[in-house]
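Heads up: the sequence lines are chains D and H, in that order.
When we follow our numbering, the leftmost residue of the first sequence carries the number 8, and every step to the right adds one.
When we follow our numbering, the leftmost residue of the second sequence carries the number -18, and every step to the right adds one.
Report on the following structure.
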Amino acid sequence: MFLRMVKGALFRQKGKMLMIAFTIALGASLATAMLNVMLDVGDKVNQELKTYGANINVRPKEASLLDDLYGMEENAAETARYLREDELGNIKTIFWAFNIVDFAPYLETRARLNGADEVRLAGVWFDHHLELPTGESLDTGLARMKNWWDVTGEWPSDGDTDTAIVGGLLARRFGIQPGDRFTLTIGAQDVDLLAGGVFDSGGAEDEQIFVPLPVAQKLAERPGLVSRVEVSALTTPDNELSRRAAQNPKGLSIKEWETWYCTAYVSAICYQIDEVMSGAVSKPIRQVAESEGAILEKTQLLMLLITILSLLGSALGISNLVTASVMERSREIGLLKAVGANNSPIAGLVLAEITVTGLLGGVAGYFAGLGFAQIIGRSVFGSAIEIKPMVIPIVAVLVFVITLAGSIPSIRYMLSLHPAEVLHGR
Amino acid sequence: MALLELNGIKKIYGNVRALWDVSISVGQGEWIAIMGPSGSGKTTLMNIIGCMDKPSEGSVILDGVNISKESARNLTALRRDKIGLVFQQFHLINYLTALENVMVAQYYHSLPDEAEALQALGRVGLQERARHLPSQLSGGEQQRVCIARALINYPMLILADEPTGNLDEANEKIVLSILRNLHAEGSTIIVVTHDPEVAEEAQRTIVLEHGLIAAVTENKREKAE
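Here it is in structure tokens:
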């Protein structure tokens, strides 16, 4: 009989129940969309931020030490050991290989421009095709990592061993235009190069000349060596564990160490790069890494607040609708009490109706929410939002809780009804 | 021993005396009519007898139980086990069929039994309309469903509040005929009514005015066959 009553209430009062189901669906869809976006926004924002450059700097141990102690970046190149070019591919073999978006090696030195002033010179990969030890291949380099540079002319390609790109300030000082030729000299070595492009970065690079890595290696007589590597990696915002690990990974317990190592913290990625490159010390570019973390945390907090507010709104809507529905049915409830029903079976009946309605609304809302998430993903990030299965139990619990919470006022009202009052008006 | 005994019942709402020193005794198998103008206390008396309200003073003994001292939960149980209620407004659940409306009373009493519920509808001549919703039934038919629901648990007392108040003459006759038959079968019936013709069907008429018993009339009419 209970089922007949629930079925009767649901199917013979479709309008009311559909309205409640619609409200629940709206809340569930908002929760689903927001939670999916919130859980995926980290990767999305990270990818957006990665277009603005590197967040890890890999240097030889000695250069790093001198820099840390005395800020002797310039002299370090003179004295330090170098990193091996043939080990660069190993960066894409670490545990978090998929999080390494791009990297670019630098061989930095000084050379005389057109036989006159000494200028800073860097040999780089512009757009380098790399065969990895894993059998995969990768295209990476400066052109990908510095895609916000304002370049007049063309980025050189890695095959052009006589083409360079010149920093804007330097080019203007020496009157170099794209297409001009100039000579670089180190000791007895000199090379004649074409200025393929002139760029403005807004940073110290505007005083530099970038040449293909083999050219710089030849001029500096450092074949197969690089002085540092810039890495752009997708990272998880730092927390207390990652900060402790960054200071001293050996101070962590085994469990903490495993958690840290298997999470894409910038410090964990640095540690893993150091494992695969001889004599390397990787350090996060703190300003970038921390800004990314802060932006991510704020974005996620914003999404969380929107989710909570939408759920509260939904709970209020459900509460109003259910209370209105119970008030409309006060005579029916009074009658049930008059024919001998106690409060608990009546509350059970109303709750069963709302639960079934909530279930239907919740399922519909979940799938609608997946659609909303994709719309948000496409319109904001230009890519799909990954569907997270963990959202299902969260939304189920949320729908259950908000439906229950929304039903409390109506149940309280229902329990306070006296049959004589509703049936006879007294 | 009387089935129902009201001794010195008073009911006061704020400054209003709804009932004042009302004493009534109703024997097993008796048919009583309660009459009176609006505001005379009929509904209040009905609510107290029907275990839906408690008197401010006095005692109400129903089948040996002093209901004026019982908890709300026990009053619900007494109502469920001993009283069948018939309402002027029928109070059927609009999303349940006639049959299901009768079975609701069974469900909260013991166990729903469809065959027995159909039989109860048969007693009021509505077996054919058992699968219809209240909105598909006439006022008279709805009142008959309400009576079938009141009968289904074999109550000791049938309490009918203006059972013909919303009915046309033809349906009034049908409902009175059903009540007459129930009385003939031994049911104890208390009917609250404005209608003297309905009151005449009862063995005794109690007239209330301003919460007091103004008159008690023994009707001469023979018990229906």
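Ideal Cβ positions, reconstructed from N, Cα and C, are used throughout, including at glycine.
Given the structure is predicted, the values throughout are model-derived calculations rather than measurements.
Which value, in whole angstroms, describes the spacing of the CA atoms of ALA16 of chain D and ILE340 of chain D?
Here residue 16 of chain D is taken as the residue at index 9 of the first sequence, counted from 1. Here residue 340 of chain D is taken as the residue at index 333 of the first sequence, counted from 1. About 13 Å.
Test item: CB-CB of ASP187 of chain D and ALA202 of chain D under 8 Å:
Counted from its first residue, the first sequence places residue 187 of chain D at position 180. Counted from its first residue, the first sequence places residue 202 of chain D at position 195. The answer is yes: Cβ separation under 8 Å.
Residues bridged to PHE110 of chain D (per DSSP)
Here residue 110 of chain D is taken as the residue at index 103 of the first sequence, counted from 1. Partner(s): D:VAL238.
Would you mind listing the beta strand (DSSP E) stretches within the stretch 105 to 144 of chain H that are 3+ residues and don't spill past its ends, in chain order?
138 to 142
My output table needs one value for PHE374 of chain D: the three-state DSSP class, helix, strand or coil.
As a working note, residue 374 of chain D is residue 367 in the first sequence. Looking at PHE374 of chain D - three-state DSSP - the assignment turns out to be helix.
Going by the beta-carbon positions, is the gap between VAL408 of chain D and ILE361 of chain D smaller than 8 Å?
For the purposes of this step, residue 408 of chain D is taken as residue 401 along the first sequence, with counting starting at 1. For the purposes of this step, residue 361 of chain D is taken as residue 354 along the first sequence, with counting starting at 1. Cβ distance not < 8 Å, so VAL408 of chain D and ILE361 of chain D don't count as in contact.
Considering only the beta carbon of each residue, do GLY369 of chain D and ALA391 of chain D sit closer than 8 Å?
The residue given as residue 369 of chain D occupies position 362 in the first sequence. The residue given as residue 391 of chain D occupies position 384 in the first sequence. Result no, Cβ atoms of GLY369 of chain D and ALA391 of chain D do not sit closer than 8 Å.
Would you call VAL173 of chain H buried or exposed, if buried means 16 or more other Cβ atoms sit within 10 Å of its Cβ?
Locating residue 173 of chain H in the second sequence gives position 192, where the first residue counts as 1. Buried, by the Cβ-count rule.
From the DSSP output, which residues share a beta bridge with TYR272 of chain D?
Mapped onto the first sequence, residue 272 of chain D falls at position 265. Its beta-bridge partners are D:THR243.
Members of the stretch -18 to -5 of chain H near chain D, C-beta cut-off 7 Å
none
Can you tell me which of the three DSSP states PRO260 of chain H falls into?
In the structure as shown, chain H starts at -18 and stops at 206, and residue 260 of chain H therefore has no counterpart that could be examined.
If we ignore side chains and look at the alpha-carbon of each, how far apart do ALA205 of chain H and ALA165 of chain H end up?
One-based indexing of the second sequence puts residue 205 of chain H at position 224. One-based indexing of the second sequence puts residue 165 of chain H at position 184. Its pLDDT being 44, under 50, ALA205 of chain H is placed unreliably by the model, and the measurement read from it follows with that caveat. Straight-line Cα distance between these residues: approximately 6 Å.
Since LEU163 of chain H and ILE155 of chain H should fall inside the 8 Å C-beta cutoff, what is the C-beta to C-beta distance between them, to a whole number of angstroms?
Counting from 1 along the second sequence, the entry for residue 163 of chain H is found at position 182. Counting from 1 along the second sequence, the entry for residue 155 of chain H is found at position 174. Not confirmed; about 13 Å, so no contact.
Give the DSSP-derived three-state secondary structure of ILE170 of chain H in the structure shown.
Mapped onto the second sequence, residue 170 of chain H falls at position 189. Correct three-state label for ILE170 of chain H: strand.
Give me the residue from D:VAL406, D:VAL273, D:TRP103 and D:LEU232 with the minimum Cα distance to ILE315 of chain D.
Within the first sequence, numbered from 1, the residue matching residue 315 of chain D stands at position 308. ILE315 of chain D has its Cα closest to that of D:VAL406, out of D:VAL406, D:VAL273, D:TRP103 and D:LEU232.
Within 10 Å of its beta-carbon, does CYS269 of chain D have 16 or more other beta-carbons around it, so buried, or fewer, so exposed?
Residue numbering aside, residue 269 of chain D sits at position 262 when the first sequence is read from its first letter. Its Cβ having fewer than 16 others within 10 Å, CYS269 of chain D is exposed.
Amino acids of chain D, ordered along the chain, whose beta-carbon sits closer than 9 Å to that of LEU77 of chain H:
Counted from its first residue, the second sequence places residue 77 of chain H at position 96. The contacting residues are ARG11, MET12, GLY15, ALA16 and ARG19.
Going by DSSP, what residue range makes up the alpha helix (DSSP H) through VAL85 of chain H?
Residue 85 of chain H sits at position 104 when you count from the first residue of the second sequence. Per DSSP, VAL85 of chain H belongs to the alpha helix (DSSP H) from 79 to 90.
Determine which residues of the stretch 344 to 358 of chain D have a Cβ less than 8 Å from any Cβ of chain H, and write them out in chain order.
LYS344, ALA345, VAL346, GLY347, ALA348, ASN349 and PRO352
Cβ-based contacts, 8 Å cut-off: residues of the stretch 22 to 39 of chain H near chain D
THR24, THR25, MET27, ASN28, GLY31, MET33 and ASP34
So, under 8 Å CB-CB, LEU177 of chain D and GLN215 of chain D are touching, yes? Tell me the CB distance rounded to an integer number of Å.
Taking the first residue of the first sequence as 1, we reach residue 177 of chain D at position 170. Taking the first residue of the first sequence as 1, we reach residue 215 of chain D at position 208. Their Cβ separation, rounded to whole angstroms, is 7 Å, which keeps LEU177 of chain D and GLN215 of chain D in contact under 8 Å.
What residue range is occupied by the uninterrupted beta strand (DSSP E) comprising THR147 of chain D?
Taking the first residue of the first sequence as position 1, residue 147 of chain D is located at position 140. That run of the beta strand (DSSP E) goes 144 to 147.
Cβ of ARG(-2) of chain H within 8 Å of any chain D Cβ:
The residue given as residue -2 of chain H occupies position 17 in the second sequence. Chain D, which has no Cβ nearer than 8 Å to the Cβ of ARG(-2) of chain H, makes this no.
Any beta carbon from chain D within less than 8 Å of VAL46 of chain H's own beta carbon?
Position 65 of the second sequence, counting from 1, holds the residue named residue 46 of chain H. For VAL46 of chain H, the answer is no, since every Cβ of chain D falls outside 8 Å of its Cβ.
Start-to-end residues for the beta strand (DSSP E) that takes in GLN215 of chain D:
Along the first sequence, read from residue 1 onward, the residue named residue 215 of chain D stands at position 208. Start and end: 215 to 219.
Check whether GLU237 of chain D and ASN106 of chain D have beta carbons under 8 Å apart
On the first sequence, position 230 is the one that residue 237 of chain D refers to. On the first sequence, position 99 is the one that residue 106 of chain D refers to. Against a cut-off of 8 Å, the Cβ pair of ASN106 of chain D and GLU237 of chain D comes out as no contact.
On the DSSP letters alone, give me the boundaries of the alpha helix (DSSP H) that TYR(-6) of chain H sits inside.
As a working note, residue -6 of chain H is residue 13 in the second sequence. Note, TYR(-6) of chain H: premise wrong, no alpha helix (DSSP H); beta strand (DSSP E) at -15 to -6.
If we call anything under 8 Å between Cβ atoms a contact, is LEU140 of chain H one with ILE64 of chain H?
The sequence position of residue 140 of chain H within the second sequence is 159, counting from 1. The sequence position of residue 64 of chain H within the second sequence is 83, counting from 1. Closer than 8 Å, so yes.
To the nearest angstrom, report how far apart ARG110 of chain H and MET84 of chain H are at their CA atoms.
The residue given as residue 110 of chain H occupies position 129 in the second sequence. The residue given as residue 84 of chain H occupies position 103 in the second sequence. Spanning the two alpha carbons is a distance of roughly 15 Å.
Got a sec? Which residues, its chain only, sit under 6 Å from GLY148 of chain D by beta carbon, not counting five neighbours each side?
For this step, residue 148 of chain D is matched to residue 141 along the first sequence. Counting only Cβ-Cβ distances below 6 Å, and skipping sequence neighbours, we find ALA111, TRP132, PHE133, ASP134 and HIS135.
Is GLY96 of chain D near LEU33 of chain D, with beta carbons less than 8 Å apart?
Residue mapping note: residue 96 of chain D aligns to position 89 of the first sequence, counting from 1. Residue mapping note: residue 33 of chain D aligns to position 26 of the first sequence, counting from 1. Contact flag unset, no.
Which bits of chain D does VAL85 of chain H rub up against, with CB to CB less than 8 Å?
Here residue 85 of chain H corresponds to residue number 104 of the second sequence, with the count starting at 1. Per Cβ cutoff of 8 Å: MET8, MET12, LEU343 and VAL346.
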